[in-house]
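Count along the sequence shown from 1, then add 37; that gives the number in the working numbering.
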Amino acid sequence: MPVTPRPTLLPTLLLVRPQAQATQQAQRLAAAGIAALPFCVEDTVADERALSALPQQAASADWLVFVSPSCIELAWPQLAGLPLAAKLACVGRASADKLAALSGRAVLHPPHGNDSDALLALPPLQQLSGQTVLIVRGDGGRPQLGETLARRGARVRYAAVYRRVPVAADWALFDRLVAAGPSPALLITSSHSAELLFRQAGATRQRALLACRFIALHPRIAATLQQLGVARPLLAADEQALCALFSPRY
């Protein structure tokens, strides 16, 4: 069935996230009639040493918890085909769907919400005495998930399989979109990316940037955007909600 053409007055959506995820998401959104382009201010670099150690760590774990799509893309190829006894969990539905497709296994994830709080509320993670939980994440991830699981009796281990590195966004693209109008919308997927975005924009593009629509994946990210001067960031916890924002009423 052909896709309904996207109204031309709706803005192009710039995806402020690592390149691999941005490219994949842009393709999915194009199928829904939404013009979206990668706009990366930071990317991920694999930690080969951590990835090499991952199979041995995973073999002794009762739970493997993946905190982002980047973790899954980097880590699962090291684990595919291994006789893992560990249960699988993800912080968000999109990550869980990705991991389930790759692993062919059930993946615990929150039915609503896409953060550590939502995952921690699930019954299987309430009593973890004597169980080993391996959290697969990026370098310097937030400590809340591991600290809470440890208080519930788990032996918490970490596999930091990548680090984040700043990259220069395509500001020439941004300038062209602003000049052509309407100003683009920007999907912000982490507070750190929001801070990098405004730092890169500098004083010369501050006004143009603040004239854009901002969409955050989480209230915490929206709060960061407000601190940076964004008046009314929108929230879209998942891709369905994101597509709804780009209906003709947007």
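Every residue, glycine too, gets a C-beta built ideally from N, C-alpha and C. Since the model is a prediction, treat every value here as computed from it, not as a measurement.
Assigned secondary structure, residue i (DSSP; H/G/I helix, E/B strand, else coil)
i: Asp84; result: coil
i: Ala143; result: coil
i: Val104; result: coil
i: Pro75; result: strand
i: Leu51; result: strand
i: Thr169; result: strand
i: Phe283; result: coil
i: Ala273; result: coil
i: Gly239; result: helix
i: Leu247; result: helix
i: Val202; result: strand
i: Ala187; result: helix
i: Leu214; result: helix
i: Leu125; result: strand
Classification of residue i by the beta-carbon crowding that lies within 10 angstroms, buried from 16 upward
i: Gln58; result: buried
i: Arg201; result: buried
i: Gln163; result: exposed
i: His149; result: exposed
i: Leu119; result: exposed
i: Ala253; result: buried
i: Gln277; result: exposed
i: Leu159; result: exposed
Straight-line gap, residue i to residue j (C-alpha atoms, nearest Å)
i: Arg213; j: Ala245; result: 12 Å
i: Ser132; j: Gln237; result: 29 Å
i: Leu259; j: Gly190; result: Residue identity check: residue 259 is Ala in the sequence provided, not Leu. For Ala259 and Gly190, the distance between alpha carbons rounds to 33 Å.
i: Ala216; j: Arg242; result: 12 Å
i: Leu247; j: Gly266; result: 7 Å
i: Leu50; j: Ser227; result: 16 Å
i: Ser230; j: Arg250; result: 16 Å
i: Ser220; j: Leu182; result: 37 Å
i: Gly141; j: Phe211; result: 40 Å
Residues of its chain near residue i, where Cβ-Cβ distance is below 7 Å and the 5 sequence neighbours each way are ignored
i: Pro42; result: Unreliable positioning characterises Pro42 in this predicted model, as indicated by a pLDDT of 38, which lies under 50. The coordinate reading is nonetheless provided below. Only Gly70 meet the Cβ criterion.
i: Leu165; result: Leu186, Arg189, Gly190, Ala191
i: Ala281; result: none
Neighbourhood of residue i by C-beta, 8 Å cutoff - its chain only, sequence neighbours within 5 removed
i: Leu233; result: Val78, Glu79, Pro203
i: Gly175; result: Thr81, Val104, Ser105, Ser107, Cys108, Ala197, Val198, Tyr199, Arg200, Arg201
i: Gln263; result: Pro270
Nonlocal neighbours in the same chain, by C-beta distance under 6 Å from residue i, ignoring five residues either side
i: Thr185; result: Leu157
i: Ala73; result: Leu50, Leu52, Ala63, Leu66
Proximity test, Cβ basis, 9 Å: residue i and chain B
i: Arg244; result: No chain B appears in the structure shown, which is made up of a single protein chain.
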